[in-house]
Structures are given as C-alpha cells and as structure tokens.
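Novice: Submitted below is the structure of interest, expressed as structure tokens.
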Amino acid sequence: MKVLQSNRGYYLINVDNLTTCQVTNTLKFSRNTFDKDSSLVYDGVVGGQFYSHTGGGSNLLCLPNDPIWANYTTEVEEGGYIYGSEYELNFYPTNKLFSFANAESIHEHNVPCAVCLTRQPAVVMMLPARTKCYPGWTIEYSGYLMTEYYKHKGRHEYVCVDYAPEADPAGYRNEDGALLYFVQAACGSLPCPPYVNGRELTCVVCSKY
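Numbering (my numbering), first residue to last: 9 to 217.
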C-alpha cells in the first residue's frame, strides 16, 4: 500500500488492484464536495510527532473525527505520542504565496484532511517542483511542497499542500505539534539552474485512469 497525502486528503494506492483515493473535497463549514468518480471514506485532522521531539514516527496521519478505543489506561505513560498539525507561515508576513479562497487565514491553524476512494482504477503520483502534469496525466490539484522546519529536531515527510488550503474549523490555537513550512531549493548538490536558490518549490498531484 502506497500513500500520498496533502492537507486535503490521503491518496491511497493499492498496488495489487490499483484502487486509489482521489480527493477533491472541502472541509469548510463541514461540507464535502467530490469529483464524480470519488467518494468520502472519512475526514479528520492531520497528526504527527511534535516538532521538537527526537523520537516517534516521521510520517503524517489523517486521524478520523470519530475514533474508537479498545483497552486503555487513565494515566499518561512513557511511550509514543501523536499531536495535531499546524501551518507555519510566520516567515511570510507580506508575501502570501497561498490563495486564501478557502480560508481567510491559516497561519498556526490546524490542518484538516480526508480519505476518499475512486470508483474506478487509477494511478496517482505527486510531482515536486511542478505545477502541471506530464502529457497523458490528469491534474487533481497543485500547490506548494511543505515539511518540517530544517532546524527542528523532529522531522516528517514532504507533502503537497493545495494552493488554496483550508483550516480545521477548531481554528487558531497556536498549540504547535507537527508543523508545516514551505520548502526552498538549496543550490549545491541540487543543480542550479534549473533550480533557483531560496525559491519555494511547487508540487502537483496527477492521476491516470
């Protein structure tokens, strides 16, 4: 099972039968809209390890809004933890790279997510440093590559965040957790050109049916 994800959802690819998840949903005001070839499995919030922790998982998860518990204790023991996720845009106070069509402000807001399923077989891939798909592929959405801040002890994967991101309705709390920052090109072993030092990388999610 291969997983691609963004702030709008996780794209699940079953390698055996190529059943995938195509996400075109919006979580604003608890509404969900989908492409005619996809359906909602569940929606929730993005979770991951705390930005300053050195242990724990390095991947991001889409945590459902209706968890089910098994056996549990009432005390907090030493073990692994999972936290929510927030957008971190404090380094961009004037140069707003995102469109705010779906949210007036997202800085330090929690990140929503959704898991969906297509009704027909498809292959989905995320292309970094592109805003358009290669010939023969259909664009699902484009946006910016994001990940944890490079000086933080914690780390997680690169994700493609939609150009018009949304915020969890719980709103602004600035409680930290797994943090999402823009990704910039660093020249050296990365060839420049075609890359440009300090420029934010785009991304696009493409599908083929």
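Virtual Cβ for every residue (Gly too), placed ideally from N, Cα, C.
1. Could you pull the DSSP bridge partners for L209 from this structure?
2. Bridge partners for I147 per DSSP, in chain order?
3. Tell me the residue span of the beta strand (DSSP E) that contains L97.
4. Within a Cβ cutoff of 6 Å, which residues of the same chain sit near G52, ignoring the five residues on either side of it in sequence?
5. If you draw a straight line from the alpha carbon of L153 to that of P201, how long is it in whole angstroms?
6. Over what stretch of residues does the beta strand (DSSP E) that includes C168 continue unbroken?
7. Under the rule that 16 or more other beta-carbon atoms within 10 Å means buried, what is I76, buried or exposed?
8. Find the nearest neighbour of A194 within the set F99, A186, M133 and E208, judged by alpha-carbon distance.
9. May I have the straight-line CA-CA distance separating V204 from L187, to the nearest angstrom?
10. By the three-class DSSP mapping on this structure, what secondary structure does C124 have?
11. Could you say which of Y189, Y89 and A137 lies nearest to Y158 if we only look at CA atoms?
Specialist: Taking the geometry as given:
1. What you label residue 209 is simply residue 201 of the sequence shown in a count that begins at 1. L209 pairs with nothing; no bridge assigned.
2. Against the sequence shown, residue 147 aligns to sequence position 139. C214, per the DSSP bridge assignment.
3. As a first step, residue 97 must be located in the sequence shown, where it is residue number 89. Premise fails: L97 is in no beta strand (DSSP E) and is neither H nor E.
4. Indexing the sequence shown from 1 puts residue 52 at position 44. Contacts found: C70, L71, P72, N73 and C121.
5. As a first step, residue 153 is located in the sequence shown; it is residue number 145 there, counting from the start. As a first step, residue 201 is located in the sequence shown; it is residue number 193 there, counting from the start. Cα to Cα, L153 sits roughly 19 Å from P201.
6. Reading the sequence shown from its first residue, position 160 is the one you call residue 168. C168 -> beta strand (DSSP E) spans V167 to D170.
7. As a position in the sequence shown, residue 76 is number 68, starting the count at 1. It is exposed - the Cβ of I76 has fewer than 16 other Cβ atoms within 10 Å.
8. As a first step, residue 194 must be located in the sequence shown, where it is residue number 186. Considering only alpha carbons, the answer is E208.
9. Sequence index remark: in the sequence shown, residue 204 carries index 196 (1-based). Sequence index remark: in the sequence shown, residue 187 carries index 179 (1-based). About 24 Å.
10. Here residue 124 refers to the residue found at position 116 when the sequence shown is read from its first residue. Strand, per DSSP.
11. Here residue 158 refers to the residue found at position 150 of the sequence shown. Nearest option by C-alpha distance: Y189.
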